[in-house]
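Take any residue in the sequence shown, count from 1 to its spot, add 359: that is its number in our numbering. The next block holds one structure in the form of structure tokens; read it before the comments.
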Amino acid sequence: MSKLEYLDQMLNTWIALSKKHPEQQSFVNELIDIQETLKYPCIVAVAGEFKAGKSTFINALLGEEVLASDVIPATAVVTKLVYGEKKELIAHFTNGQKENYSEEKLKQLTTEIKEGENLRKKLSFIELKLPNSLLKKITIVDTPGLNSNYSHHTEATETFIKKADFVIWLFDYLHTATASEVEMIKKLQQYKIPCATLVNRIDLHDEEQEPLEEVLEFNKRRLQGIVDHLIGISAKEALEAKIFQDRVKYEWSNWEKVDSLLNKIQSQSLALKEERTFIRLKDVLQQIDELFIKRKAMYLSTELSQLIPSFVKKDYPAMLQLKQQIEDEVMAIQQQIIQWNELIPEELNELNEIDEWIKSYTKSIEKFHSKWMFSNQTDLSSTIEHWKIILSSLYQTYIEKYNEFMHRVEKTKIEEQNLKRILNDIEKTYKFFRKRKLKAFNDQQIRFNSAIKDLRIECANINLERQDIISHIKTLQNFILEDINYRIIFLKKQISSLKRNWHTEKNKMYKTYKPFLKKECKKVHEDIQWIHSFTKALSPFFTDISAQEQQTNVQSYHHCRYLFNNIQTIYADTAFEPFIYGYGDFISWKNSNLFSLNTERIEKQITLNLWTDNLYDQIPNTIDYPTTKEMARVTTLHIHFTMAVLICVFLMALSKESIRKPLLNTMDIVLNKLQTFAQMDEETVDMNEEDVIEEDVIEEDVIEEDVIEEEEFVENEHIQNAYDWGQSTIEDYMTRLYEKLSTNINNPTLFRWNEWFSEAGWNDFEEYYKAHKGEYYNKLTVTDYQLLSDDQIEVTTLEIFETAEEIKQIKGTYTISLLPDNGSPLISRFSYNLIGITPRETETIEYVSDDQLEAFMSDFYTSFTEAFNGGGFSVVAPYYAPEGSEYEKIKQFLDFVLEKQMMMENHLFQVTSITPEDEQHYLVNVYYEDSYYYRDGTAERKRVESQYRVVITSEGNILIKDMIFLNILEETPL
360 MSKLEYLDQM LNTWIALSKK HPEQQSFVNE LIDIQETLKY PCIVAVAGEF KAGKSTFINA
420 LLGEEVLASD VIPATAVVTK LVYGEKKELI AHFTNGQKEN YSEEKLKQLT TEIKEGENLR
480 KKLSFIELKL PNSLLKKITI VDTPGLNSNY SHHTEATETF IKKADFVIWL FDYLHTATAS
540 EVEMIKKLQQ YKIPCATLVN RIDLHDEEQE PLEEVLEFNK RRLQGIVDHL IGISAKEALE
600 AKIFQDRVKY EWSNWEKVDS LLNKIQSQSL ALKEERTFIR LKDVLQQIDE LFIKRKAMYL
660 STELSQLIPS FVKKDYPAML QLKQQIEDEV MAIQQQIIQW NELIPEELNE LNEIDEWIKS
720 YTKSIEKFHS KWMFSNQTDL SSTIEHWKII LSSLYQTYIE KYNEFMHRVE KTKIEEQNLK
780 RILNDIEKTY KFFRKRKLKA FNDQQIRFNS AIKDLRIECA NINLERQDII SHIKTLQNFI
840 LEDINYRIIF LKKQISSLKR NWHTEKNKMY KTYKPFLKKE CKKVHEDIQW IHSFTKALSP
900 FFTDISAQEQ QTNVQSYHHC RYLFNNIQTI YADTAFEPFI YGYGDFISWK NSNLFSLNTE
960 RIEKQITLNL WTDNLYDQIP NTIDYPTTKE MARVTTLHIH FTMAVLICVF LMALSKESIR
1020 KPLLNTMDIV LNKLQTFAQM DEETVDMNEE DVIEEDVIEE DVIEEDVIEE EEFVENEHIQ
1080 NAYDWGQSTI EDYMTRLYEK LSTNINNPTL FRWNEWFSEA GWNDFEEYYK AHKGEYYNKL
1140 TVTDYQLLSD DQIEVTTLEI FETAEEIKQI KGTYTISLLP DNGSPLISRF SYNLIGITPR
1200 ETETIEYVSD DQLEAFMSDF YTSFTEAFNG GGFSVVAPYY APEGSEYEKI KQFLDFVLEK
1260 QMMMENHLFQ VTSITPEDEQ HYLVNVYYED SYYYRDGTAE RKRVESQYRV VITSEGNILI
1320 KDMIFLNILE ETPL
């Protein structure tokens, strides 16, 4: 990329930046002109007064008759001759448009003739493309002549000649060194445009009268030394010589010196282009430098300059550090709460998991103590150790009993299998021979069934121990949850403290630097931003080593680089840029929420899945085989068999007469005996069945009595009659009930309701009790009571529950019944009514200190004085709460003051007292002395005391809401 191409890219950015700055619009056109000239090789402008032969001179340069020449001013429009592969005529209009025309239109467009006059007025310049090799290295510009009686000719020439890289000035031999020519050449020197001066039309000179050299020397003296030398030429003869190849005329025209000049210009064309470009850029940079120096002096006041270093070096870094500390601490608090949430498991399945959970929590609390310097530390480790010892002891006892129980279950299972084998063997034995086996089986069956009943009782006891362990675990769980929530409350207080400190420091700093949120401050910031963008865009061109090497021989480049460095460092002596950046950052904190985190109570419940098995399923069922009945049936079978044998023997014996009578007697006896045996067996079966039933009943009674004995308790003190209950007794009883309820309101499973309520009374109360879980049970007060009977009392209470958002007031009605046997009290009925709900306001008064309030009131009254003396309500409006009653009143009052053209002067203002009114308001008493001046010329002085109600918003802003009173203590005419 060439130097000029590099420069062209830079100018694109520069122009875009200058367009954004309101005071640089005049620079934009110049920069666009400079960029436009970069498209062409070295621009050589041919200038002079009209009829100096400029068009003829250019035709001679080109060696052909291209431009028109006449006795009247021929060139009416600036004509730029550039190289082109073919001849082409392009008209450039003042509105930026361009249009191609045919070659025949050239004279009409460029010469001062009647035809085309209106079109020429709209032209900026004419571009003529020619396939002439000379134009590859230089661009030739034909300018309208000066003093042609056409003012726009002179204006066009002066405007366009500034864009030239080199000027060839043609004097007319007959009118050399006119005043206008001297003036124009001096301007060229002022513009620092190199210029060669030629005297044209020397073909009119008479050498016999006076040598040409003496004429040239004379005219040089007349030019007052503004030119080094004059060259005499004849463009007319040179053109003819080139057209007709006339060597003699070429020599007479002295054109070899013009060719020498052209060769010199062509060899230095790039240097001339660069030098002229950087001279023009230097002028623009000089104006930009002066512009920003002027604006800096205008907008950057002494007061602001003095406060900027304090902000940048001290106040802002301190606030930045405080903000970072707060963000780190809030993040640490949030992480701590998240860690506690994650620490509580969803479920626990084994006791060793509980032990690991407790260890993890203990470590977490130790870290918490070391980090937060928690002053209200409970002896958590000893408490947890105590719970672990209790749990360990209960679990050890449970394991021993469980193992013994399972051992006995296994033994009974073995015995069950053995009994089933015996029973199977009995079933296989012929009934007649079963009696002995049945008798042995019956004994074993009784022992087995008794053992099964014992196992079931033991199973019930083990299940109770399981429930006891689970209850202790839940108690420990609730203890840990409450401990965590207590620490969350501590962290909330830490956040409140951080918030107060933050608001105090932020308001103090805001008050100090608030005056600098002005238009001037904004202007300086815009200038710095522009200079920053400008230097960033142009820095590669002016500081890049290769760029500097390329421009080393161009003196004007070094001037440009010097001015560029000046612009770059205009604000280097101030810290305004970091001030604006820092202050913008600080202002943005006003709406940022540094304290956004979740500090809600943790209400997580752990599911305990320690024992999911049913121990009853492990115990074998009793064997209910009817052994006794089977034994009776076998006995009956034996008797029937004996009777049959005897009958057979009897029948056989009857055939012998000698033994018939004795045998009949014997048979009677035997039959009576067998009948008796049969009856005895039936009674035995019935007795055995009754014994089994009676045994079951006795065992159940014993178990029931044992349970009753375990559950019975006796109160140490009893009130036997309702008439013995007085106000103090009732209040004491209800106070103890409130303490139990408030302790366990969030853990209903820990509340032993049967100590305080009958079943019906608890059914009434339980829904009310559970409905307020998670709320703070703040107060219970006995408001009334009355005796319903000698064993019933009705008590009316006022109860208060609080949440973070509201306060509930509830009327409760309790019916206390005294048990007839011992006079113990139980609540047998309960009902309630919601009296009212009061929303809780967020406490904000701690956000500000008394010093801040006093400073606010002092600032307010200073602004009020300014508003009174012509500033109007807008001056003082930011100090008032729009929803407050004083807002509209003071607006109307100040409108009245402005209408009546009143004035005031404050002599004394002081805050006499500051009193918190509620969670969001202060009452501020003030005393002041003012003089008031009225339009009719009268005046008076007043001593006044008044009281204001100010509100502290959730953002920590202070605003006046109401004026409570205003007392005029004294009025003195002046």
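A virtual CB, placed ideally from N, CA and C, is assigned to each residue, including glycine.
Between residue i and chain D, is any beta-carbon pair separated by less than 8 Å?
{"i": "residue 569", "result": "The chain inventory of the structure shown lacks chain D, comprising one protein chain alone."}
Below 7 Å CB to CB, which residues in the same chain sit around residue i once its five sequence neighbours on both sides are set aside?
{"i": "residue 785", "result": "793, 796, 797 and 800"}
{"i": "residue 768", "result": "814, 977 and 978"}
{"i": "residue 457", "result": "449, 450 and 451"}
{"i": "residue 1324", "result": "1305 and 1306"}
{"i": "residue 1077", "result": "Low local confidence applies: a pLDDT of 40 at residue 1077 is under 50, so the model's placement there is unreliable, with the coordinate-based value given in what follows. Closer than 7 Å at Cβ, skipping near neighbours: 1181, 1182 and 1183."}
{"i": "residue 441", "result": "399, 486, 488, 494 and 498"}
{"i": "residue 551", "result": "638"}
{"i": "residue 371", "result": "none"}
{"i": "residue 601", "result": "419 and 422"}
Along the chain, where does the beta strand (DSSP E) containing residue i start, and where does it finish?
{"i": "residue 501", "result": "497-501"}
{"i": "residue 1332", "result": "1317-1332"}
{"i": "residue 407", "result": "401-407"}
{"i": "residue 450", "result": "447-452"}
{"i": "residue 492", "result": "Run containing residue 492: none; DSSP gives neither H nor E here."}
{"i": "residue 396", "result": "Looking at the DSSP string, residue 396 is not in any beta strand (DSSP E); the run it does join, the alpha helix (DSSP H), is 384-396."}
{"i": "residue 440", "result": "438-442"}
Where do the ends of the alpha helix (DSSP H) carrying residue i lie?
{"i": "residue 789", "result": "No alpha helix (DSSP H) holds residue 789; DSSP gives it neither H nor E."}
{"i": "residue 464", "result": "Unbroken run through residue 464: none, as it is neither H nor E."}
{"i": "residue 844", "result": "794-872"}
{"i": "residue 363", "result": "362-379"}
{"i": "residue 682", "result": "675-702"}
{"i": "residue 544", "result": "538-550"}
{"i": "residue 418", "result": "413-421"}
Look up residue i in the DSSP assignment and give the residues it is bridged to.
{"i": "residue 559", "result": "531"}
{"i": "residue 1192", "result": "1170"}
{"i": "residue 1263", "result": "1291"}
{"i": "residue 458", "result": "450"}
{"i": "residue 1143", "result": "1155"}
{"i": "residue 1298", "result": "1292"}
{"i": "residue 1197", "result": "1166"}
{"i": "residue 1186", "result": "1116 and 1175"}
{"i": "residue 764", "result": "Its beta-bridge partners do not exist; DSSP assigns none."}
{"i": "residue 966", "result": "706"}
{"i": "residue 1284", "result": "1272 and 1306"}
Enumerate in chain order the residues of its own chain whose CB-to-CB distance from residue i is below 6 Å, with the five nearest sequence positions on each side excluded.
{"i": "residue 906", "result": "A caution first: residue 906 carries a pLDDT of 48, below 50, which makes its placement in the model too unreliable to give a value."}
{"i": "residue 401", "result": "497, 524, 628, 631 and 632"}
{"i": "residue 536", "result": "578, 581 and 582"}
{"i": "residue 1329", "result": "1302"}
{"i": "residue 1288", "result": "1266, 1267 and 1302"}
Using the rule of at least 16 other Cβ atoms within 10 Å of the residue's Cβ for burial, across every protein chain shown, is residue i buried or exposed?
{"i": "residue 409", "result": "buried"}
{"i": "residue 1229", "result": "exposed"}
{"i": "residue 559", "result": "buried"}
{"i": "residue 1075", "result": "At residue 1075, the pLDDT of 40 sits below 50, so the modelled position is not reliable; the number obtained from the coordinates is stated separately. Classification of residue 1075: exposed, given that the 10 Å Cβ count is below 16."}
{"i": "residue 706", "result": "exposed"}
{"i": "residue 698", "result": "exposed"}
{"i": "residue 418", "result": "buried"}
{"i": "residue 991", "result": "buried"}
{"i": "residue 1041", "result": "Any answer about residue 1041 is weak, because its pLDDT of 48 lies below 50 and its placement is not dependable; what the coordinates show is given next. By the 10 Å Cβ count, residue 1041 comes out exposed."}
{"i": "residue 935", "result": "buried"}
{"i": "residue 671", "result": "buried"}
Report whether the distance from the Cβ of residue i to the nearest heavy atom of the ligand HEM is below 7 Å.
{"i": "residue 1216", "result": "Although the ligand HEM was asked about, the structure shown includes no ligands whatsoever."}
Which same chain residues end up closer than 8 Å to residue i when comparing Cβ atoms and leaving out the 5 residues on each side of it in sequence?
{"i": "residue 1250", "result": "1232 and 1236"}
Report the residue ranges of all beta strand (DSSP E) runs contained in full by the stretch 553-631; include only those spanning at least 3 residues, in chain order.
Runs of beta strand (DSSP E) with 3 or more residues, each lying fully within the stretch 553-631, are found at 554-559, listed in chain order.
In chain order, which continuous runs of the alpha helix (DSSP H) of length 4 or greater are located wholly inside the stretch 887-943?
Runs found: 904-909 and 914-927.
In chain order, which continuous runs of the beta strand (DSSP E) of length 3 or greater are located wholly inside the stretch 1223-1280?
Secondary structure within the stretch 1223-1280: the beta strand (DSSP E) runs of 3 or more consecutive residues, fully enclosed, are 1262-1275 (chain order).
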